[in-house]
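Residue numbers (the working numbering), protein chains in the order written: chain D, 14 to 299; chain S, 373 to 789.
Glycine residues also receive a C-beta, built at the ideal position from the N, C-alpha and C atoms.
Worksheet for the structure shown next.
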Amino acid sequence: MHYMAEEWDIEITPRNSLFDLKLKDVWHYRDLLVLLVRRDFVAFYKQTILGPLWFFIQPLFTTIIYTFVFGSLANISADGLPRPLFYLAGITAWNYFADCLTKTSTVFTANSGLFEKVYFPRLIVPLSVIVSNLIRFGVQMLLFVLMMLIYWGKGAAFHPTIYILLFPALLLLMAMLGLGLGMIISAMTTKYRDLSFLITFGVQLMMYLTTVIYPLSTVKQKYPTYEWLVEYNPMTSIIECFRYGFLGQGTFTMLSLAVTTGITILILLVGIIVFNRVEKNFVDTV
Amino acid sequence: MAKVIKVENLSKAYRLGEIGTGTITKDWERFWAKTRGKEDPFLKIGEVNDRTKKGQSNVVLSLKDINFDIEQGDAVGIIGRNGAGKSTLLKILSRVTAPTTGSIKIKGRIASLLEVGTGFHPELTGKENIFLNGAILGMRKAEIKRKLDEIIDFSGVERYIDTPVKRYSSGMYVRLAFAVAAYLESEILIVDEVLAVGDAEFQKKCLGKMGDISKGQGRTVLFVSHNMGAIKKLCNQAIILNNGSIHLNGNVNEGINAYTKIHTENKSTRYKNNNPEKGFMEIAVEGENSEVRSDFGFDESISFRMRFNVKQAYLSGNVGIKVWDNLERCVFTSEMKINELIDSAGEITTLVTIPEMLLTPGDYKVSFALHLPNIQIIEVIADVIYFEVVETGSDFYEFNGADLGCIFVNCQWKLVN
Numbered sequence: 014m015h016y017m018a019e020e021w022d023i024e025i026t027p028r029n030s031l032f033d034l035k036l037k038d039v040w041h042y043r044d045l046l047v048l049l050v051r052r053d054f055v056a057f058y059k060q061t062i063l064g065p066l067w068f069f070i071q072p073l074f075t076t077i078i079y080t081f082v083f084g085s086l087a088n089i090s091a092d093g094l095p096r097p098l099f100y101l102a103g104i105t106a107w108n109y110f111a112d113c114l115t116k117t118s119t120v121f122t123a124n125s126g127l128f129e130k131v132y133f134p135r136l137i138v139p140l141s142v143i144v145s146n147l148i149r150f151g152v153q154m155l156l157f158v159l160m161m162l163i164y165w166g167k168g169a170a171f172h173p174t175i176y177i178l179l180f181p182a183l184l185l186l187m188a189m190l191g192l193g194l195g196m197i198i199s200a201m202t203t204k205y206r207d208l209s210f211l212i213t214f215g216v217q218l219m220m221y222l223t224t225v226i227y228p229l230s231t232v233k234q235k236y237p238t239y240e241w242l243v244e245y246n247p248m249t250s251i252i253e254c255f256r257y258g259f260l261g262q263g264t265f266t267m268l269s270l271a272v273t274t275g276i277t278i279l280i281l282l283v284g285i286i287v288f289n290r291v292e293k294n295f296v297d298t299v
Numbered sequence: 373m374a375k376v377i378k379v380e381n382l383s384k385a386y387r388l389g390e391i392g393t394g395t396i397t398k399d400w401e402r403f404w405a406k407t408r409g410k411e412d413p414f415l416k417i418g419e420v421n422d423r424t425k426k427g428q429s430n431v432v433l434s435l436k437d438i439n440f441d442i443e444q445g446d447a448v449g450i451i452g453r454n455g456a457g458k459s460t461l462l463k464i465l466s467r468v469t470a471p472t473t474g475s476i477k478i479k480g481r482i483a484s485l486l487e488v489g490t491g492f493h494p495e496l497t498g499k500e501n502i503f504l505n506g507a508i509l510g511m512r513k514a515e516i517k518r519k520l521d522e523i524i525d526f527s528g529v530e531r532y533i534d535t536p537v538k539r540y541s542s543g544m545y546v547r548l549a550f551a552v553a554a555y556l557e558s559e560i561l562i563v564d565e566v567l568a569v570g571d572a573e574f575q576k577k578c579l580g581k582m583g584d585i586s587k588g589q590g591r592t593v594l595f596v597s598h599n600m601g602a603i604k605k606l607c608n609q610a611i612i613l614n615n616g617s618i619h620l621n622g623n624v625n626e627g628i629n630a631y632t633k634i635h636t637e638n639k640s641t642r643y644k645n646n647n648p649e650k651g652f653m654e655i656a657v658e659g660e661n662s663e664v665r666s667d668f669g670f671d672e673s674i675s676f677r678m679r680f681n682v683k684q685a686y687l688s689g690n691v692g693i694k695v696w697d698n699l700e701r702c703v704f705t706s707e708m709k710i711n712e713l714i715d716s717a718g719e720i721t722t723l724v725t726i727p728e729m730l731l732t733p734g735d736y737k738v739s740f741a742l743h744l745p746n747i748q749i750i751e752v753i754a755d756v757i758y759f760e761v762v763e764t765g766s767d768f769y770e771f772n773g774a775d776l777g778c779i780f781v782n783c784q785w786k787l788v789n
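In structure tokens, the structure reads:
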């Protein structure tokens, strides 16, 4: 018996190794992920009259307002596309990213009641946020496709291109980017609450640095000095590619997409590492 | 028997005070010290966590160098006062928070129940919540599906199972939540004091179920409670925590006895009047062997030793005690004529004793008075002396949390028809 090595299933130590991402644990809890998504969805429309219809209303009204303010009043170019389609494409994609980011960034503070009482891989919660938002995004895409069909019938000038096939990859990129940034911020908000105030208006500011209400081609023409600010924003090439795929207008290169992919993967990795590091002790500081 | 939990040199430090301003600078100093391989400047090991005393640093050790092993099939009661470190230990064992130093090794699946109904969503129905809560506790969906009927049956809320839980009474809520937990299939189960809610009948059912778990199925149970009756009934081992350290680790009866004796010095059991002009000089709570303490078993008598000065003018007065329960209700008053104790002015010491098996388990406080009845109140000493009657295995544990009065009366019951 003396030499029998003791075998333990779980070891609780002050810190985990930096790259132990506990993905096996996450896999074990995959049912929880599904149930959390279901919970979010059910809780969203319970006791509302319009229910899931609310998913439509927000992008629709934003589009109308953008068309009026940035289109008619400010007369910013829309790359020659029908303005509502141009804005809706940007809003739909941007909303998914922004929702993922803001919802993930409050994971620790919003779920502290749960996290204080029971262990499960915390990564499940941000992942469930991403998937929940996917449902919302799906509904909004439906609206977008509907609009496309309406404009198609009216004979508007736009032509979907082969790049439409990149759509799943773009979606994945947006999810990963939102998740990664959100997790980094959520990890930091456990100690410094200031960031939670920053995030709502930070996301808004970031939208103006992304090509949601203007095309990249306009920036290149009019403000070549500041062009890098917009172009190095990873969301820009995603949205430009998204527009090019669906509407046939957009400025991006395969290189810029590759750079975006690289940055996204890096941010996601940092996000998971930071998140796993904080989850062990955040209960003490939250 | 095989060891299933091994705790080694476990400590947990908490920062006191506000976290906010100054956090960044301190984090930076800490980081700087670490990168140079120095000790954390804010972590002064060795300071005892005693909430009643002012400490040097603003870091306290909630757990201090804890070591113990738990064997398979043991039911271990973790006992300690508020702030002794029980909750911290459970949190670390349940992996809600990480230790500051040391490690815990665990064999087998572990499930913890620090709260019943964790993650219940008010808008979801009972059945949906069973699935959600089960999944949070680590069950797979198929596993829950298999046990669904049993869980619903155990909860006894079958009629409401498709109703959102926000419409449940709090009792039904607890029943449903505990039912889910009762069917967890883990080798180790950690239970915090979650049975304080719910009605007596259901509490009994839960205790029975937990007894099955540890005795029948060879599972290991860690159980935290203030309820000594429940601990005595369920557990065979006890670990007593005191100020973050292990005071005793042994069999459950030893543990419960030791528990009632410790912490006496932290409770206000002694009073010394700094200005003994009027009368009272010293007061103390004592047990049967004249030892000062604050915790008494239900079957022990409780005495108050009072030293006071009687002036000539007050010889015709009374000395009295008044006992209050934790709801600030006066339980009873007892008075004595001073001239029946002595017949000339001077300093005297009296001992007044509350008989055993009279006060039901709970917290009490006592006030002391010297007065001339209906004429003058000479001195009242209030809010300085406290004591507790502790549950030591009488039938009262079933009534934990329910207000059933503070006096135990051994009434006569007989069948007349």
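- Message: Can you give me the C-alpha to C-alpha distance between His-15 (chain D) and Arg-539 (chain S), rounded to a whole angstrom?
- Response: For His-15 (chain D), the predicted model reports a pLDDT of 44, less than 50, meaning its position is unreliable; a value from the coordinates is still stated below. Rounded to the nearest angstrom, the two C-alpha atoms are 58 Å apart.
- Query: Is Leu-561 (chain S) near Val-529 (chain S), with beta carbons less than 8 Å apart?
  - Reply: no
- Query: For the segment 469-481 of chain S, which residues have a CB atom closer than 9 Å to at least one CB atom of chain D, in sequence order?
  - Reply: Thr-469, Ala-470, Pro-471, Thr-472, Thr-473, Gly-474, Ser-475, Ile-476, Lys-477, Ile-478, Lys-479, Gly-480, Arg-481
- Message: Contact between the segment 104-115 of chain D and the segment 189-197 of chain D is defined here as three or more beta-carbon pairs at a separation below 8 Å; is this criterion met?
- Response: yes
- Message: Does Ala-549 (chain S) pass the burial test, meaning 16 or more other C-beta atoms within 10 Å, or should it be called exposed?
- Response: buried
- Item | Whole-angstrom distance between Arg-642 (chain S) and Leu-134 (chain D), CA atom to CA atom | Rather than Leu, the amino acid found at residue 134 (chain D) in this sequence is Pro. Taking the straight line from one Cα to the other gives about 50 Å.
- Query: Is the segment 220-234 of chain D touching the segment 82-93 of chain D in the sense that three or more CB pairs, one from each, lie closer than 8 Å?
  - Reply: yes
- DSSP state of Thr-732 (chain S) mapped onto helix, strand, coil: coil
- Query: Shorter than 8 Å from the beta carbon of Thr-393 (chain S) to some beta carbon of chain D?
  - Reply: Bear in mind that the predicted position of Thr-393 (chain S) carries a pLDDT of just 47, short of 50, making it too unreliable to give a figure here.
- Output the boundary residues of the beta strand (DSSP E) element that contains Ile-451 (chain S). 447-451
- Query: For a contact meaning CB atoms closer than 9 Å, what does Phe-550 (chain S) contact in chain D?
  - Reply: Here the premise fails: no neighbours, minimum Cβ distance about 14 Å.
- Message: Taking CB distances under 8 Å as the criterion, tell me whether Val-232 (chain D) reaches chain S.
- Response: no
- Verify the CB distance criterion: does Val-138 (chain D) have a CB-CB separation below 8 Å to chain S? no
- Task: Can you pull the chain S residues whose beta carbon is under 9 Å from the beta carbon of Asp-33 (chain D), in chain order?
- Result: The premise fails here: Asp-33 (chain D) is roughly 13 Å from chain S at the closest Cβ pair, so nothing lies under 9 Å.
- Item | is_contact[Phe-133 (chain D), chain S] using C-beta, thresh 8 Å | yes
- Query: Excluding the five sequence neighbours on either side, which residues of its own chain have a C-beta within less than 7 Å of the C-beta of Cys-254 (chain D), listed in chain order?
  - Reply: Tyr-176, Leu-179, Leu-183, Gly-263, Phe-265, Leu-270
- Should Ile-603 (chain S) and Val-624 (chain S) be called a contact, given that it needs their Cβ atoms to be closer than 8 Å? yes
- Query: With 8 Å set as the bound, which would you pick, yes or no: does the beta-carbon of Trp-21 (chain D) sit closer than that to a beta-carbon of chain S?
  - Reply: yes
- For the candidate residues S:Asp-534, S:Ser-542, S:Lys-375, S:Val-379, whose alpha-carbon lies nearest to that of Thr-497 (chain S)? S:Asp-534
- Consider the Cβ of Arg-512 (chain S): report whether some Cβ of chain D lies at a distance smaller than 8 Å. yes
- Query: Which value, in whole angstroms, describes the spacing of the CA atoms of Tyr-545 (chain S) and Gly-583 (chain S)?
  - Reply: 22 Å
- Message: When you compare the CB positions of Ser-475 (chain S) and Asp-437 (chain S), do they come within less than 8 Å of one another, or not?
- Response: no
- Excluding the five sequence neighbours on either side, which residues of its own chain have a C-beta within less than 7 Å of the C-beta of Val-762 (chain S), listed in chain order? Met-600, Thr-632, Asp-667, Phe-668, Gly-669, Pro-733
- Message: Could you check whether the Cβ of Ile-197 (chain D) sits closer than 8 Å to any Cβ belonging to chain S?
- Response: no
- Message: Taking CB distances under 8 Å as the criterion, tell me whether Ser-662 (chain S) reaches chain D.
- Response: no
- Query: Hey, would you say Ala-200 (chain D) sits closer than 8 Å to Val-296 (chain D), going by beta carbons?
  - Reply: no
- Message: Quick check on Trp-785 (chain S): does DSSP put it in helix, strand or coil?
- Response: coil
- Item | Burial state of Gly-392 (chain S) (16 or more Cβ within 10 Å) | Only weak support is given to the placement of Gly-392 (chain S): the predicted model assigns it a pLDDT of 48, under 50, and the question is left unresolved by the model.
- Query: Which residue comes first and which comes last in the beta strand (DSSP E) that contains Thr-174 (chain D)?
  - Reply: Unbroken run through Thr-174 (chain D): none, as it is neither H nor E.
- Assign Leu-282 (chain D) to one of three DSSP states: helix, strand, or coil. helix
- Apply the 10 Å Cβ neighbour rule to Met-189 (chain D) and answer buried if 16 or more other Cβ atoms are within range, or exposed otherwise. buried
- Do Leu-315 (chain D) and Gly-491 (chain S) have their CB atoms nearer than 8 Å? Residue numbering for chain D in the displayed model covers 14 to 299; residue 315 (chain D) lies beyond these limits and cannot be assessed.
- Task: Give, in chain order, every unbroken run of the alpha helix (DSSP H) that is at least 4 residues long and sits entirely within the segment 75-131 of chain D.
- Result: 96-118, 120-123, 125-128
- Does the beta carbon of Asn-108 (chain D) sit closer than 8 Å to a beta carbon anywhere in chain S? no
- Query: Which residues share a DSSP beta bridge with Ile-693 (chain S)?
  - Reply: S:Ser-706, S:Phe-740
- Alpha carbon to alpha carbon, how far is Gln-748 (chain S) from Val-703 (chain S)? 23 Å
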